[in-house]
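**Student:** I'd like to ask you about the structure that follows.
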Amino acid sequence: HTITLSMLVEVLEESHCHSVRVQAHGMKHPLQGEHSLQLDAPHPLDKTNLYDIGCTVEAKEIYTFKPKAGKTGMQVYEMFLPLGEGHGSIECIVQHKEQGLRVKIYPRYIHMIKAKGHQYSHMDPRTMGTAKTRLRAIEHFVSEMDEYHQLGGYRIEVSVRAATLSEVLSILEEKPLLMLDSWDEWLSVRCFTVGEVRGNVLRMLGHAWRQNILMGRDSKKMDELGKQVICDLGNAMGWSPGYRKPTLWSSKLAWWREGQFETGDHAWDPEVEDEEMKELKPRHERVAELGARNEMVAFFQSVRGGVPCCDCGAVNTYNLDGGKAQFRLACRVAKNSGVEHRKLSQEAALEYLSELCHANVI
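The following block contains the structure:
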């Protein structure tokens, strides 16, 4: 059933209730209109009123922010690691007379991230199975990113404690905090297209994939590197986890720096996007496409603890048996027991390991 505001007021009057505290989050109402006049009505507790006044600007690109060099006193929630180069959303306190005005400046894109935030936990994954679930959520997010093009632009919000709305507007006339131009001296602004953000996430996923960081049995306990990678992948798409600090974007020891990661205004060009990265493939298909011996060895070493022998069924018994020239697997249990067993060539091992991935065995 729907309860209108007039019905609620009528019931409150009948029950002789004189004061009601209304608290809501995320709902926005335009200042124009006759309802705004009611916000100037006197009340014994009007000095405790807290107004959130905001201005939303729509644009084609996603706006991000960070303090300019030498400017302090701002909290930055970095986004789009490492492409964002420390930019993200901003929160700070601006003094006006005896009151501190809380200001938030953030991309509209944040609204979509928050709407999907239930998919991304606020704590480290404890097992590889949980990490893979997070990874699938990120991959699904990337596959839908073309639908988020309408979320470009930014929003500025100011929280002001005042008795009436008129008093709030008077304060903001004296201190035009809702105008982005008034922040030119303080903020560095960078804009990204949805394609650039998508490409950033895909590249980070590619680095994690090539290094086999998130491979192994679902029951395997996560190490610190794996936890950090999951955190950083979430930040690459714009998620600020809160439970763990993302890797510093400029760190020379960052896990993704296999080669120099391109940054700058033209780091991502959708017209030259690598065909392999246009659509994320299922994990078992990516395993089946491994080619070079060193890739096979690296992948096998990351999952060998969960690989059962295809002949005797024993787990963690396969050894590399092809020398330096070729990739081949042999089960040490079957070999030492004298039981007839198959040695898996690279082609056979690829097929077998891909099947195990598809069945979530490894």
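Residue numbers (this note's numbering): 113 to 474. Beta carbons are placed, not taken as given, at the ideal position from N, Cα and C, and that holds for glycine. Keep in mind that this is a model prediction, so the values were computed, not measured.
(1) Let's see if you can read the secondary structure: which residues bound the beta strand (DSSP E) around S201?
(2) Could you give the first and the last residue of the continuous beta strand (DSSP E) run that contains Y464?
(3) Could you tell me the alpha carbon to alpha carbon distance between H128 and E122, rounded to whole angstroms?
(4) Straight-line CA distance for H234 to R310?
(5) Quick check: what's the CA-CA separation for R302 versus I474?
(6) Taking all protein chains shown into account, decide if D178 is buried (16 or more other Cβ within 10 angstroms of its Cβ) or exposed.
(7) To the nearest angstrom, report how far apart D296 and S363 are at their CA atoms.
(8) Taking the straight line between their C-alpha atoms, what separation do you get for V306 and S118?
(9) Suppose you measure from the CA of A426 to the CA of Q458; what does that come to, to the nearest Å?
(10) Could you please give the first and the last residue of the uninterrupted alpha helix (DSSP H) stretch that includes Q340?
(11) Give a yes or no on whether 9 Å exceeds the smallest Cβ distance from D433 to chain C.
(12) Put N161 into one of helix, strand or coil per three-state DSSP.
(13) Please check the pair T429 and C422, which I expect to be a contact at CB under 8 Å, by giving their CB distance rounded to whole angstroms.
(14) Specify, as a first and last residue, the run of the beta strand (DSSP E) that F192 falls within.
(15) Please report the distance separating the alpha-carbon of V206 from that of L157.
**Tutor:** According to the structure shown:
(1) S201 -> beta strand (DSSP E) spans 200-208.
(2) From DSSP, Y464 is part of no beta strand (DSSP E) but of the alpha helix (DSSP H) over 458-470.
(3) 10 Å
(4) 22 Å
(5) In this structure, the alpha-carbon of R302 lies about 41 Å from that of I474.
(6) In the sequence as presented, Asp is not what sits at residue 178; that position holds Lys. Looking at its Cβ environment, which holds 16 or more other Cβ atoms inside 10 Å, K178 is buried.
(7) Cα to Cα, the separation comes out at about 28 Å.
(8) 43 Å
(9) Per the coordinates, the alpha-carbon of A426 lies some 20 Å from the alpha-carbon of Q458.
(10) Residue range 336-348 is occupied by the alpha helix (DSSP H) that includes Q340.
(11) In the structure shown, chain C cannot be found, because there is only a single protein chain.
(12) coil
(13) Contact flag wrong, Cβ pair sits at about 11 Å.
(14) Element bounds for F192: n/a, residue is neither H nor E.
(15) 25 Å
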